[in-house]
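**Q** There's a structure below that I have some questions on.
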């Protein structure tokens, strides 16, 4: 039975003075305060309180606020939020004199505040979404700031502007430091006076649950940051419960750190997302059936998405950006490979079907929804296998700009966190900007009209992704367009693939401000340009047997890929030994071996046959063997199986560790 959004009689205790009107809550905000507004884009926005703050400033009555009208506020929003109605959301606060400084990762949905920054009327900072969320947590913990390698080499780096957006903005919020011989960016902490957050249900003590919210976002970190700085915490909720009736495991913000509870009293001030008043699927109350989704129409968008989808691998953890990269999800569904990977969003969603538009960040049928700060812990620590992000502007060094174009201020959002630490970064977009028209004739791509603006420029205006930094770190980076594919090298962009029917000079280099490296580029897969499905599921799951063996003559090492092999017949083991013999015997010497056991399965009845095969290989063909798998269970099981025959397992977690173990045994100079 739904709780009434009123105070039950039994809830009237000494704590009921926390439940106040929006006007009374806002009256506690003083001029010069630093105010954090919680939420993520269109989700979790405390609309009633922000609306009241704007109206308080607009009012001619100075007596409506306890400390007079608030002026010169420092406004912080991790991801600038907007309302579907004109002038709504954070845009309500874009009034001369009310805001002195705006700090955010994203500005697309806050055009009114964006205009004040571009017009040099207020100070503006663009910082990475993950850095802002982590800074909230560090402020709560009483730390002087947040140290991170996120942003090195980008516009956030103090050597490139430190995230400042106009001439009016002079204070350095980001400092370059060195720790243990490595460069870091230090995002400085600041006192927080007010936190404005949102939840679903509160009791009179101020405990808050979020059962009807699409995300948990960073409400706890935001509230703790304000409370531990001696500030106030104002929370907007839908309803009030009796004290001691909330499940403590569902309480996301404890009442001890909440000062004011404001009950949303209007239908239009507590939408679950700005695209949906309420979706039970977004709140994980129900799982929705996934009907048959019609395939994408053949277009430039589909060509790009198809080529990008070829980079997907089974069992990978993936992030898809907004815009062009969203097509990758459509292709994954069309090719029936979506179940082979885990999609994530920076909002904290893991698994499920991502929502788009004004509900971006939410998901149906999610596996988990975690706080956004923890999602960025996962991203920053290298948890993503691959990311697909937009390609707005690139230069010869592989730098990308998606954040600022002349007077247009988009903001980096989570782009920097995601692209910098994913194991592979794939940037997707049309080759030129504007109305590109093309046709496919007999499997050949024909460009009929190019966009007016060049995307591949000599130097990007705003560096959101640093090519040199990525190259230095050895990151694999691709730039995928409808007509060609580039990869990042230490020397800059190299053209590696060209669509059938495309002339390199006429259709590619003539529309670039620089000449990329060109060294025998191959033709893009012809399946991309045909109407029927490409068969990616079969490609992904059925690696040809011979392709599982690769010999590195320089290091005398055989790389054996047993990933996703399910051995249920002795025939595979016989073929395995025969193939190794065919590779090694002509060499006239034994070799080292690095074996990938990710996803490997062995029928229990074949364990003895498997061990016999291993014994034969190690006796006749291998100088030494190292094995790796990311599964801790598989490492333990495989180690136990090999130990029963007295075989040294040498099992590692990654290919890098396994290969390094082999290199340590090689003779000097090998």
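Numbering (our numbering), first residue to last: 4 to 673.
Just so it is clear, CB atoms sit at the ideal spot from N, CA and C, and this is done for glycine as well.
Remember, predicted model here, so these are calculated numbers, not experimental data.
What three-state label does DSSP hand residue 137 in the structure shown?
**A** Here residue 137 sits in helix by DSSP.
**Q** Cα-Cα, which of 279, 141, 532, 82 is closest to residue 193?
**A** Answer by Cα proximity: 141.
**Q** Can you grab the Cα-Cα spacing for the pair residue 105 / residue 116, in whole Å?
**A** Taking the straight line from one Cα to the other gives about 8 Å.
**Q** Are there 16 or more other CB atoms within 10 angstroms of the CB of residue 180, so buried, or fewer, so exposed?
**A** Residue 180 comes out exposed.
**Q** Three-state secondary structure (DSSP) at residue 564?
**A** The answer is strand: DSSP assigns residue 564 an E or B state.
**Q** List the whole-angstrom C-beta distance separating residue 402 from residue 488, where the pair is believed to meet the contact cut-off of C-beta under 8 Å.
**A** Incorrect: roughly 18 Å between the Cβ atoms, too far for contact.
**Q** The ligand HEM and residue 585: does any heavy atom of the ligand fall closer than 8 Å to the residue's C-beta?
**A** By its list of ligands, the structure shown contains no ligand whatsoever, and the ligand HEM lies outside what it can speak to.
**Q** Tell me the DSSP secondary structure of residue 577 in three-state form.
**A** Note: residue 577 maps to helix in three-state DSSP.
**Q** Measuring CA to CA, which of 514, 76, 543, 535 is closest to residue 396?
**A** Closest by alpha carbon: 514.
**Q** Which residue marks the beginning of the beta strand (DSSP E) containing residue 322, and which one marks its end?
**A** Per DSSP, residue 322 belongs to the beta strand (DSSP E) from 320–323.
**Q** CA-CA distance, residue 130 and residue 421?
**A** Their backbone Cα atoms lie some 14 Å apart in a straight line.
**Q** Please look up how many angstroms separate the CB atoms of residue 255 and residue 209, rounded, as I've assumed it's under 8 Å.
**A** About 12 Å separates the two Cβ atoms, so there is no contact after all.
**Q** Below 7 Å CB to CB, which residues in the same chain sit around residue 170 once its five sequence neighbours on both sides are set aside?
**A** Only 123 meet the Cβ criterion.
**Q** So the beta strand (DSSP E) residue 114 belongs to, where does it begin and stop?
**A** Not the beta strand (DSSP E): residue 114 falls in the alpha helix (DSSP H), residues 114–121.
**Q** List the endpoints of the continuous beta strand (DSSP E) containing residue 525.
**A** Segment 520–526, the beta strand (DSSP E) holding residue 525.
**Q** Closer than 8 Å by C-beta to residue 552: which residues in its own chain qualify, once you throw out the five before and the five after it? Chain order, please.
**A** Only 561, 562, 563, 564, 582, 583, 586 meet the Cβ criterion.
**Q** Can the beta-carbon of residue 49 be found less than 9 Å from the beta-carbon of residue 260?
**A** Their beta carbons are not under 9 Å apart, which means residue 49 does not touch residue 260 by this criterion.
**Q** Assuming residue 337 and residue 298 make a contact with CB atoms under 8 Å, what is their CB distance in whole Å?
**A** Contact flag correct, Cβ pair sits at about 5 Å.
**Q** Restricting to Cα atoms, I'd like to know which of 424, 523, 386, 418 is closest to residue 473.
**A** Out of 424, 523, 386, 418, 424 has the C-alpha closest to the C-alpha of residue 473.
**Q** Okay, do the stretch 46–61 and the stretch 184–198 touch, 3+ Cβ pairs below 8 Å being the bar?
**A** Judged by Cβ distances under 8 Å, the stretch 46–61 makes no contact with the stretch 184–198, as fewer than three pairs qualify.
**Q** In three-state terms, what does DSSP make of residue 246?
**A** The answer is coil: DSSP assigns residue 246 none of H, G, I, E or B.
**Q** Could you say which of 126, 407, 379, 363 lies nearest to residue 132 if we only look at CA atoms?
**A** That would be 379, whose Cα lies nearest to the Cα of residue 132.
**Q** Do the stretch 246–253 and the stretch 218–236 make contact, defined as three or more Cβ pairs closer than 8 Å?
**A** Cβ pair count under 8 Å is below three, so no.
**Q** Whose CA, out of 601, 559, 611, lies closest to the CA of residue 666?
**A** The shortest Cα separation from residue 666 among 601, 559, 611 belongs to 559.
**Q** Tell me whether residue 529 is buried or exposed, calling it buried when 16 or more other Cβ atoms sit within 10 Å of its Cβ.
**A** Answer is exposed; the Cβ neighbour count stays below 16.
**Q** Is it the case that the Cβ atoms of residue 316 and residue 537 are separated by a distance below 9 Å?
**A** For residue 316 and residue 537, no; Cβs fall outside 9 Å.
**Q** Taking residue 46 and residue 303 to be in contact with their CB atoms under 8 Å, please state how far apart those CB atoms are, rounded to whole angstroms.
**A** Going by Cβ atoms, the distance from residue 46 to residue 303 rounds to 31 Å, so no, they are not a contact pair.
**Q** CB residue 159 to CB residue 419, shorter than 9 Å?
**A** Yes. Within cutoff.
**Q** Round the Cβ separation of residue 21 and residue 267 to the nearest angstrom and send it over; I've been treating them as touching at under 8 Å.
**A** Going by Cβ atoms, the distance from residue 21 to residue 267 rounds to 16 Å, so no, they are not a contact pair.
**Q** Between which residues of its own chain and residue 352 is the CB-CB distance below 6 Å, once the five residues before and five after are set aside?
**A** Result list for residue 352: 366, 369, 372, in chain order.
**Q** Pull up the CB-CB distance for residue 182 and residue 161, whole angstroms please, since I reckon it's below 8 Å.
**A** No, residue 182 and residue 161 are not in contact; Cβ-Cβ is about 16 Å, not under 8 Å.
**Q** What is the DSSP secondary structure of residue 662, reduced to helix, strand or coil?
**A** Reduced to three states, the DSSP call for residue 662 is helix.
**Q** For residue 232, does the three-state DSSP call read helix, strand or coil?
**A** Here residue 232 sits in coil by DSSP.
**Q** Quick check: residue 436 and residue 457, are their CB atoms within less than 9 Å of each other?
**A** Yes, they are a contact pair.
**Q** With DSSP run on the structure shown, which of helix, strand or coil describes residue 623?
**A** The answer is helix: DSSP assigns residue 623 an H, G or I state.
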